[in-house]
Structures are given as C-alpha cells and as structure tokens.
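Down below is the structure, laid out as structure tokens.
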Amino acid sequence: MAWTDERLDDLANRMDAGFVRGDRESQSLRAEILALRLEVKADIRDLRTELKGDIAASRTELKGEIDRLHALIVRFGVAILICLVTVIAALIGVIPGTPAGG
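Residue numbers (our numbering): 671 to 772.
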C-alpha cells in the first residue's frame, strides 16, 4: 500500500486533532490541580487557625489547673504546719516541768 498525499494529509489531520485533544486534557488537568491546591491551602489555613484556638484554650485551662494545684499545695502545707505545732504543744504539755527552786 502506498502513501498518497490524501492519506498523508488525513494522518496529519488526525495527529493534529490528537495533539489538540491532548492539550485540552492537559489544560483541564492543570486547572483541576490548581483548584485542588487552592482548596488544600484553604483547609490547611483553617486547620491552623482552629489548632491555634485549641492550643490557646488548652493553655488557659492548664493555667487554671496549675493555679488550683498551687492553692491546694499551700493549704496542705499550712495544715501540716498546724498539725506539727499542735503535736509540739501537746508534747510540751506532757513533759513534766521541773518545780521552781528545786
């Protein structure tokens, strides 16, 4: 079979149409990738903002818990000190004193 000018022109036209179709598909894919990229960036930005808020709330809550723990430790220390003074006072009352002049 010989390649005639008509067959070569037909082949060239089909190849050109294929390249045009490939270019359109390539442009379409690029547009989809760009849209997905923008969507992912927006999602990341939203998550970052949400995470910053969660961290700030956790810090506030943790500070409150630490303040309450500090107050409890102080109260516990005061209670131990009172107990210690009471025990010492009781021991002083139990120890017989030496009579004066004797």
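All C-beta atoms, glycine included, are put in the ideal place defined by N, C-alpha and C.
Practice prompt. Counting only runs of 3+ residues fully inside the region 685–711, write out the beta strand (DSSP E) ranges in chain order.
Written response: For secondary structure counted as the beta strand (DSSP E) over 3 or more consecutive residues, the region 685–711 holds no complete run.
Worksheet item: Is R694 near the ligand NAP, going by C-beta to nearest heavy atom under 7 Å?
Response: For the ligand NAP, the structure offers nothing, since it holds no ligand at all.
Worksheet entry | C-alpha gap between L754 and I736, whole angstroms | The straight-line gap from Cα to Cα measures roughly 27 Å.
Fill in: DSSP state of I765 mapped onto helix, strand, coil
Looking at I765 - three-state DSSP - the assignment turns out to be coil, as it is neither helix nor strand.
Worksheet entry | CA-to-CA distance, A701 to E676, given in whole angstroms | The alpha-carbon atoms of E676 and A701 are separated by roughly 37 Å.
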